[in-house]
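Asks: After the structure tokens below, expect a handful of questions from me.
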Amino acid sequence: VEVGPAPEEPLHLISPDVASRDIDTLEQEARAPVTQLREAQERLSRLQQARRQVKALLGLNLSLEELRETRYLNVFLGSIPSDNVERLQTSLERVPSVLVVLEQDDRTATVALFGLKRDTDILLRAARSAFLNLFDFPPEAFGKPEDALEGLDASILRTKEQIKDLQTTIQRIHETRIRRLHLLLWRVKASQAIVQAIAHYERFRYTYLAAGWVPAAKVETLRRRLAEISPETVLELRRPTPAERREAPFEFDNPPLLRHFERLVAIYGYPNYNELDPTPLIALTFPLLFGAMFGDAGHGLFLVALGILLSSGKLKALRTFKSWGGIVIACGVAATFFGFLYGSVFGYEDVVPALWLQPLKDTTTILMTAVGFGVLVLSVGMILHMVDAGIQHAWGKLILDGNGLVGLLFYWALLGLAVGAFNVQIPLSRGVLLTTAGLGAVLLFLREWLLSLIQANPSAEEQGLGMALVEGGFELFEIILSLISNTLSYVRVGAFAVAHGALSLVVFLLAEMLDAQHGVIYWIVVALGNVAVIGFEGMIVGIQTLRLEYYEFFSRFFQGNGERYRPLSLVESKQA
């Protein structure tokens, strides 16, 4: 039963016993015709099989009764694999018997095996070893094969009519009972939700006390609805404390264009109200990263069309992915944009001029640009970490953390030294960069010890300076390793852009090999190759984009340990 919209009737509480009794009543009303339908379908299958078997006996001038009721002879009728016919004949060479092949094709043969009653056991053993499948005729099959066919055809026709009548009866039962089932379903859902909610309420002699969370924007709606239900309700409101804000369930509040990307954030984890919601950022960076790696105007437009199809929900098989349609459209638009920058349309790089560069010809440039973009993304992540720390008044985390102010300056100083090593002019001198990097390394090395002094942590002081320095050394090494690996991870953005062009080139080379005249085969290979590139590389690029977002970007600032806001509601979109 589809949940559908709530019925107009009041949804009174219903006990499990009453619901179970109503369901049993409905089930009993439908059980008899359903059982009869199943039996009729099984009988039809047996009759149709018997008809095929009898049809193979049309060459015999004997009735089925004569074949079944012989006095001195055994008659075995059945089907056997064609390859085993000779094997069966060979195994019965010394046994008085006759094997008649009535019908045969490449796979099976219909045979009649005649033998003496005294040799029954020998005949059966030989038949089994040759995988002879004996015919079992129903009572409707009697007389000569021609007469048996007529009887079976009549029985098949009657059974089909019976099946049709039973299906009509079951459909009528469904139509007349569906409204009762729908109302019962909603009463059960309503009762379940109310009982679960009441379990959390404090009950006094004449009143219930319910406490919970409600978004500030929905307070007036809640007040109005409570007043409509009962004028005797009292609603008390207060703002949560900073500690309570961390525990408050989180509800996304983004513009419609960004809501598609909330599911990507939710996969990683829900924010809490003491940190920033990264949805606007992932709505920008996810399509950009995907498009840069999947840059092709033709492939991008294909994704746009696919996203529109998913969002429409017109194809039943794709309705499960309807909520992903907006993300696919955004990625398709970005891929189209980068496709024009790269001058690539369905793998062709000579149809439109490249507005920027061609990945296969400017590999170094695109790889270095990808690393530069990675530096920007990581820096933004560290700045957001400091913003979150400021919201939480965690000043030590803001300044001394590896993703805080010291960590950011240390990262930039290392980048400056690395760039300067290639004789690239930068505005800061090497001495300033070395001093900043050295000071940052010292502060990060002494981070735990400095925090213990600032926060006057007795347990940290008891641990001693030596242990703090050991931990600091390991943490500094981990920070440096993380900065290097995360930065270099963005090389894959440029690498996949190059790989996308290379895969398209392989498709054209294969098409050229199979049809150098550019005929029908050439274009079939090109079309199928483009579909394969879109499907295979599109999936891989999507996974890599998620990895860059989650492990390189989100890990810098986003905790994702919040709890989803789940209001008391009876409305669901799934099947019950």
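Numbering (my numbering), first residue to last: -16 to 559. Backbone N, C-alpha and C fix where the C-beta goes; we use that ideal spot for every residue, glycine too. These figures come from a predicted structure and were not determined experimentally.
Looking only at its own chain, which residues have a Cβ that is under 6 Å from the Cβ of Gln375, when we skip the five neighbours before and after it?
Replies: On the sequence shown, residue 375 is found 392 positions in, with the first residue counted as 1. Here the set comprises Asn257.
Asks: When you compare the CB positions of Leu82 and Leu99, do they come within less than 8 Å of one another, or not?
Replies: Counted from its first residue, the sequence shown places residue 82 at position 99. Counted from its first residue, the sequence shown places residue 99 at position 116. No, the pair does not count as a contact, with Cβ atoms beyond the cut-off.
Asks: Within this structure, are the beta carbons of Ile161 and Val17 separated by less than 8 Å?
Replies: If you number the sequence shown from 1, residue 161 lands on position 178. If you number the sequence shown from 1, residue 17 lands on position 34. In this structure, Val17 does not lie closer than 8 Å to Ile161 by Cβ.
Asks: Runs of 4 residues minimum, wholly inside the segment 122 to 201: which ones carry the alpha helix (DSSP H) assignment?
Replies: Whole alpha helix (DSSP H) segments, 4+ residues: 128 to 181.
Asks: To the nearest angstrom, how far is the alpha carbon of Phe285 from that of Leu247?
Replies: Mapped onto the sequence shown, residue 285 falls at position 302. Mapped onto the sequence shown, residue 247 falls at position 264. Their backbone Cα atoms lie some 22 Å apart in a straight line.
Asks: Considering only the beta carbon of each residue, do Tyr473 and Gly357 sit closer than 8 Å?
Replies: Position 490 of the sequence shown, counted from the start, is the residue given in the question as residue 473. Position 374 of the sequence shown, counted from the start, is the residue given in the question as residue 357. A contact, by the Cβ cut-off of 8 Å.
Asks: Applying the criterion that 16 or more other CB atoms from any shown protein chain within 10 Å of the CB defines a buried residue, is Asn44 buried or exposed?
Replies: Working through the sequence shown from its first residue, we reach residue 44 at position 61. When all chains shown are included, Asn44 counts as exposed.
Asks: Can we count Val287 as close to the ligand COA, meaning its CB is less than 7 Å from some heavy atom?
Replies: Of the ligands one can find in the structure shown there are none, so the ligand COA has no counterpart to examine.
Asks: Is the beta carbon of Glu234 less than 8 Å from the beta carbon of Pro261?
Replies: Here residue 234 is taken as the residue at index 251 of the sequence shown, counted from 1. Here residue 261 is taken as the residue at index 278 of the sequence shown, counted from 1. Result no, Cβ atoms of Glu234 and Pro261 do not sit closer than 8 Å.
Asks: Check each candidate in Asp88, Ile177, Pro64 and Val171 and name the one with the smallest Cα separation from Pro(-1).
Replies: Within the sequence shown, numbered from 1, the residue matching residue -1 stands at position 16. The shortest C-alpha separation from Pro(-1) is found at Val171.
Asks: Helix or strand or just coil, what does DSSP make of Thr93?
Replies: Here residue 93 corresponds to residue number 110 of the sequence shown, with the count starting at 1. If DSSP states are grouped into helix, strand and coil, Thr93 belongs with the strands.
Asks: Please name the residue, chosen from Ala137, Arg34 and Leu75, that lies closest to Phe118 on a Cα-to-Cα basis.
Replies: Within the sequence shown, the letter at position 135 stands for residue 118. Here the closest residue by C-alpha is Arg34.
Asks: Would you be able to state if there are at least three C-beta pairs under 8 Å between the segment 511 to 523 and the segment 270 to 287?
Replies: Because the criterion of three Cβ pairs below 8 Å is met, the segment 270 to 287 and the segment 511 to 523 touch.
Asks: Taking DSSP as the reference, what is the three-state secondary structure of Pro238?
Replies: Within the sequence shown, numbered from 1, the residue matching residue 238 stands at position 255. In the structure shown, Pro238 sits in coil (DSSP, three-state: anything other than H, G, I, E or B).
Asks: Which residues does DSSP pair with Gln72 in a beta bridge?
Replies: Residue 72 sits at position 89 when you count from the first residue of the sequence shown. Partner(s): none; Gln72 has no beta bridge.
Asks: Got a sec? Which residues, its chain only, sit under 8 Å from Pro79 by beta carbon, not counting five neighbours each side?
Replies: The count along the sequence shown starts at 1 and reaches residue 79 at position 96. Within the same chain, Pro79 has close Cβ partners Gly98, Leu99 and Asp102.
Asks: Are the segment 476 to 486 and the segment 333 to 343 touching by the rule of at least three beta carbon pairs closer than 8 Å?
Replies: Touching, per the Cβ criterion.
Asks: On a Cα-Cα basis, can you pick out the residue from Leu338, Val508 and Phe321 that is closest to Val476?
Replies: Translated into positions along the sequence shown, residue 476 becomes position 493. The candidate whose alpha carbon is nearest that of Val476 is Phe321.
Asks: Verify whether the separation of the beta carbon atoms of Ala275 and Leu167 is less than 8 Å.
Replies: On the sequence shown, residue 275 is found 292 positions in, with the first residue counted as 1. On the sequence shown, residue 167 is found 184 positions in, with the first residue counted as 1. For Ala275 and Leu167, no; Cβs fall outside 8 Å.
Asks: To the nearest angstrom, how far is the alpha carbon of Ala404 from that of Leu397?
Replies: Translated into positions along the sequence shown, residue 404 becomes position 421. Translated into positions along the sequence shown, residue 397 becomes position 414. If I take the Cα positions, the gap works out to 11 Å.
Asks: Please report how far the alpha carbon of Phe273 lies from the alpha carbon of Ala480, in whole angstroms.
Replies: By 1-based counting over the sequence shown, the position of residue 273 is 290. By 1-based counting over the sequence shown, the position of residue 480 is 497. Between Phe273 and Ala480, the C-alpha separation is close to 10 Å.
Asks: Taking 8 Å as the threshold (C-beta atoms), are Phe540 and Gly399 in contact?
Replies: Counting from one through the sequence shown, the residue named residue 399 turns up at place 416. Counting from one through the sequence shown, the residue named residue 540 turns up at place 557. Contact flag unset, no.
Asks: Take Leu497 and list the residues in its own chain whose beta-carbon comes closer than 8 Å to its own, dropping the five residues that flank it on each side.
Replies: Start at 1 with the first residue of the sequence shown, and residue 497 comes out as number 514. Counting only Cβ-Cβ distances below 8 Å, and skipping sequence neighbours, we find Ile504, Tyr505 and Val508.
Asks: For Gly449, which three-state DSSP category applies?
Replies: In the sequence shown, residue 449 corresponds to position 466, counting from 1. In this structure, Gly449 counts as helix in the three-state DSSP scheme.
Asks: Where Leu459 and Ala424 are concerned, what is the direct C-alpha to C-alpha distance, given to the nearest angstrom?
Replies: Within the sequence shown, residue 459 is the residue found at index 476, counting from 1. Within the sequence shown, residue 424 is the residue found at index 441, counting from 1. The straight-line gap from Cα to Cα measures roughly 7 Å.
Asks: Which value, in whole angstroms, describes the spacing of the CA atoms of Glu546 and Tyr251?
Replies: Sequence index remark: in the sequence shown, residue 546 carries index 563 (1-based). Sequence index remark: in the sequence shown, residue 251 carries index 268 (1-based). If I take the Cα positions, the gap works out to 12 Å.
Asks: Here's a check: name, in chain order, each residue in its chain whose Cβ is nearer than 6 Å to the Cβ of Leu298, leaving out the five neighbours to either side.
Replies: Residue 298 sits at position 315 when you count from the first residue of the sequence shown. Nothing meets the Cβ criterion.
Asks: Do you know whose CA, among Ala318, Ala337, Thr319 and Val489, lies nearest Gly326's CA?
Replies: The count along the sequence shown starts at 1 and reaches residue 326 at position 343. Measuring from the Cα of Gly326, the nearest candidate turns out to be Ala337.
Asks: In whole angstroms, what separates the C-alpha of Ala266 from that of Asp371?
Replies: Position 283 of the sequence shown, counted from the first residue, corresponds to residue 266. Position 388 of the sequence shown, counted from the first residue, corresponds to residue 371. The alpha-carbon atoms of Ala266 and Asp371 are separated by roughly 19 Å.
Asks: Quick check: what's the CA-CA separation for Thr348 versus Ala377?
Replies: Residue numbering aside, residue 348 sits at position 365 when the sequence shown is read from its first letter. Residue numbering aside, residue 377 sits at position 394 when the sequence shown is read from its first letter. Cα-Cα distance, rounded: 40 Å.
Asks: Do the CB positions of Arg430 and Leu383 come within less than 8 Å of each other?
Replies: In the sequence shown, the residue the question calls residue 430 occupies position 447. In the sequence shown, the residue the question calls residue 383 occupies position 400. It is a contact, given that the beta carbons lie within the stated cut-off.
Asks: For Gln36, report the span of its alpha helix (DSSP H) as first-last.
Replies: For the purposes of this step, residue 36 is taken as the residue at position 53 of the sequence shown. Counting along the chain, the alpha helix (DSSP H) containing Gln36 begins and ends at Pro(-1) to Lys38.
Asks: Could you give the distance in angstroms between the alpha-carbon of Ile334 and the alpha-carbon of Leu493?
Replies: Position 351 of the sequence shown, counting from 1, holds the residue named residue 334. Position 510 of the sequence shown, counting from 1, holds the residue named residue 493. According to the sequence provided, residue 334 is Val. The question's Ile does not apply to it. Taking the straight line joining both Cα atoms gives about 20 Å.
Asks: Within the same chain, show all residues whose beta-carbon is closer than 8 Å to that of Arg29, passing over the 5 residues directly before and after it, in chain order.
Replies: In the sequence shown, the residue the question calls residue 29 occupies position 46. Excluding sequence neighbours, Arg29 sits near Pro121.
Asks: Looking at the unbroken beta strand (DSSP E) that takes in Gly390, where does it start and where does it end?
Replies: Mapped onto the sequence shown, residue 390 falls at position 407. It is not in any beta strand (DSSP E) - Gly390 instead sits in the alpha helix (DSSP H) that spans Leu388 to Gly403.
Asks: Rounded to a whole number of angstroms, what is the C-alpha to C-alpha distance between Ala317 and Pro270?
Replies: Mapped onto the sequence shown, residue 317 falls at position 334. Mapped onto the sequence shown, residue 270 falls at position 287. Roughly 6 Å separates the two Cα atoms.
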